[in-house]
């Protein structure tokens, strides 16, 4: 009788304990550094993609996944805001001339960029 079994499908090793094989689980060394987008992704996985959440958690890859999503989302948001600013002609000159108009337009751009990030990266079934 084998003392341990490796399941290729889920990547978990099972150890024989008495009459039962129990998963050999360890905590990952990855520190949670994710921010807003990582937390939103975690909530989405917990509520709508429960199996994927459990698999990532059991494999010790959840924190790594959330850190990666958060970093990529922040980078993408920054690029989108810059592109939208250029396309709409929002400059420092506008900021000096009409601060309220600049703030209104920047708020709209930031909101639009965030909506794109949420749709493309956070609330996806990948």
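Residue numbers (our numbering): 168 to 293. For each residue, glycine too, the CB sits at the ideal point set by N, CA and C. This structure is a prediction, so every number in the text was calculated from the model and none was measured.
How far does the alpha helix (DSSP H) with residue 267 in it reach, from first residue to last? 266-284
So for residue 174, helix, strand or coil by DSSP? strand
With contact counted as at least three CB pairs below 8 Å, one residue from each stretch, are the region 255-269 and the region 212-232 in contact? no
Cβ-based neighbour list, residue 202, same chain, cut-off 6 Å, excluding 5 preceding and 5 following: 237
Among the candidates 232, 248, 282, whose CA atom is the shortest distance from the CA of residue 212? 232
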